[in-house]
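Read in our numbering, the sequence shown has 920 at position 167, and its numbers run on one by one without any break. The beta-carbon is built from N, C-alpha and C at its ideal position, and this holds for glycine as well. Bear in mind that the values here come from a model prediction, so they are computed numbers and not experimental data. The structure appears below as structure tokens.
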Amino acid sequence: MTPSYIGRFAPSPSGPLHFGSLIAALGSYLQARASQGKWYVRIEDIDPPREVKGAASDILRTLDAFGLHWDAEVLYQHTRQDAYQEQINQWIKTHEAYNCTCTRKQIKEIGGMYSGHCRDRLRSAKNASIRVCIDRPVLEFTDIKQGVISLNRDMAAEDFIIKRRDGLFAYNLAVILDDIYQGVTEIVRGADLIEPTGRQVSLYQKLNVSPIRYLHLPLALDLHGNKLSKQNHAPAVNNENPGPAMEAAFSFLGHPIPPCIKGAPVAQLLLWGTANWDINRLPTESHVITPF
Ligand code: GLU
Ligand code: ZN
754 MTPSYIGRFA
764 PSPSGPLHFG
774 SLIAALGSYL
784 QARASQGKWY
794 VRIEDIDPPR
804 EVKGAASDIL
814 RTLDAFGLHW
824 DAEVLYQHTR
834 QDAYQEQINQ
844 WIKTHEAYNC
854 TCTRKQIKEI
864 GGMYSGHCRD
874 RLRSAKNASI
884 RVCIDRPVLE
894 FTDIKQGVIS
904 LNRDMAAEDF
914 IIKRRDGLFA
924 YNLAVILDDI
934 YQGVTEIVRG
944 ADLIEPTGRQ
954 VSLYQKLNVS
964 PIRYLHLPLA
974 LDLHGNKLSK
984 QNHAPAVNNE
994 NPGPAMEAAF
1004 SFLGHPIPPC
1014 IKGAPVAQLL
1024 LWGTANWDIN
1034 RLPTESHVIT
1044 PF
């Protein structure tokens, strides 16, 4: 029997797990467990230049230390490239995707948004990126927590890249094919991924797959108001002593640990979290983390 809820955490191995990604991991885990569902981990390793050696196993070790145990085997996106290519071939055949030889400079000159210039021009595949035809732009989607979110019209209508000129598959393509492949029913992730969601929904439509549910979590900001990210060199969370970061992550998500179980092992905190999880308590705004 297929479970009725499948959630996932899908980190890119571009650095160790920091507090910002811990929030996405914890939020998606609790939402899955509170829904009596499955929780999968997928390593999004399709961008070797951005990959940090050892980061994937480091992230998995950290999730383990935090008691965030996943169901089923970890899926590595690098093993899925044939499936991505097959989908692209299919779309090329049906004229729903095409080779594009426009340079970034050329696109910048016409205002930064791609105009569909190479559609129907049958460019050779050599040195070309591949774009998908967007005929019905997705201008909004409903987020479980944030309600209806309107998206930038130009972004939504753009024939975006699904495979780069350098041969790497684009995040938007890989993520939807894998969420479909793994039967994911709901995506819980950081609010930094709200904007690409429209593009992802348009790919679901193209594939005639019924849309998935989305819950975007507020982002953790540092004291300067910047998003905690690997690019900003957010520090890794401490594997040796997961308790303080875990309790801070619960607080950040609007579920402060009650005094009677403060300092308890992480497994116990997670049981409490699963039993008490309530998305109405989630804050809607991104905010600065309290030091721990
Ligand atoms: N791999 C993406 C990241 O680390 C997240 C993908 C997703 O959750 O859709 O930013
Ligand atoms: Zn072009």
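message: Does the distance between the C-beta of Arg917 and the nearest non-hydrogen atom of the ligand GLU fall short of 7 Å?
response: no
- prompt: Using a threshold of 7 Å, is the CB atom of Thr950 nearer than that to any non-hydrogen atom of the ligand ZN?
  reply: no
query: Looking at the structure shown, is Arg942 part of a helix, part of a strand, or coil, going by DSSP?
result: strand
query: Is Cys871 near the ligand ZN, judged by its Cβ being under 7 Å from some heavy atom?
result: yes
message: For a test of your reading of the model: does the CB of Cys853 fall under 7 Å from any non-hydrogen atom of the ligand ZN? Yes or no.
response: yes
message: Here's the rule I'm using: 16 or more other beta-carbon atoms within 10 Å means buried, otherwise exposed. How should Leu976 be labelled?
response: exposed
task: Could you pull out every unbroken alpha helix (DSSP H) segment of at least 4 residues lying fully inside the stretch 788-855, listed in chain order?
output: 808-818, 834-846
query: Alpha carbon to alpha carbon, how far is Gly760 from Arg874?
result: 41 Å
Cβ neighbours of Leu1023 in the same chain (closer than 7 Å, five flanking residues each side left out): Gly820
Nonlocal neighbours in the same chain, by C-beta distance under 6 Å from Glu797, ignoring five residues either side: Ala763, Ser765, Gln830
query: Taking 7 Å as the cut-off, does the CB of Pro997 come closer than this to any heavy atom belonging to the ligand GLU?
result: no
Contact between the stretch 965-973 and the stretch 889-897 (3+ Cβ pairs under 8 Å): yes
field: Option in Ile915, Phe772, Arg814, Leu783 with minimal Cα separation from Ala1031
entry: Correcting the residue type first, residue 1031 is Asp in the shown sequence and not Ala. Nearest C-alpha to Asp1031: Leu783.
task: Please name the residue, chosen from Thr1037, Glu1000, Phe1005, Ala1020, that lies closest to Pro1012 on a Cα-to-Cα basis.
output: Glu1000
message: On the DSSP letters alone, give me the boundaries of the beta strand (DSSP E) that Tyr967 sits inside.
response: 966-970
query: Hey, out of His870, Asp945, Pro769, whose CA is closest to Glu804's CA?
result: Pro769
message: Can you check which of these residues, Glu911, His822, Ile929, is closest to Tyr837 by C-alpha distance?
response: Ile929
field: Buried/exposed call for Tyr924, threshold 16 Cβ in 10 Å
entry: buried
message: Can you determine whether any heavy atom of the ligand GLU sits closer than 7 Å to the C-beta of Val891, and answer yes or no?
response: no
query: Heavy atom of the ligand GLU less than 7 Å from the Cβ of Ile799, yes or no?
result: no
Simplified DSSP assignment, three categories, for Lys959: helix
message: Can you determine whether any heavy atom of the ligand ADP sits closer than 7 Å to the C-beta of Ala910, and answer yes or no?
response: Only the ligand GLU and the ligand ZN can be found as ligands here, which leaves the ligand ADP out of the picture.
query: Val990 to Lys1015, Cα distance in whole Å?
result: 18 Å
query: Once you ignore the five residues that flank Ala777 on each side, which residues in its own chain have a CB closer than 7 Å to its CB?
result: Phe762, Arg942, Gly943, Leu970
- prompt: Going by DSSP, which residues form a beta bridge with Thr895?
  reply: Val901
- prompt: Near Pro938, which residues of its chain fall below 8 Å by C-beta distance, leaving aside the five closest residues on each side in sequence?
  reply: Strictly speaking, residue 938 in this sequence is Thr, with Pro absent from that position. For Thr938, where only same-chain residues beyond five positions count, the Cβ hits under 8 Å are Ser757, Tyr758, Ile759, Gly760, Gly790, Ile965, Arg966.
- request: May I ask you to verify whether the stretch 840-854 touches the stretch 878-887, counting CB pairs closer than 8 Å and requiring at least 3?
  value: yes
field: Nearest candidate by alpha-carbon position, reference Ile799, set Arg917, Ser903, Asp907
entry: Arg917
- prompt: Would you say the beta carbon of Leu946 comes nearer than 7 Å to a heavy atom of the ligand GLU?
  reply: yes
Beta-ladder partner(s) of Gly864, from DSSP: In DSSP, Gly864 forms no bridge with anything.
field: Opposing strand residues paired with Lys980 [DSSP bridges]
entry: Leu974
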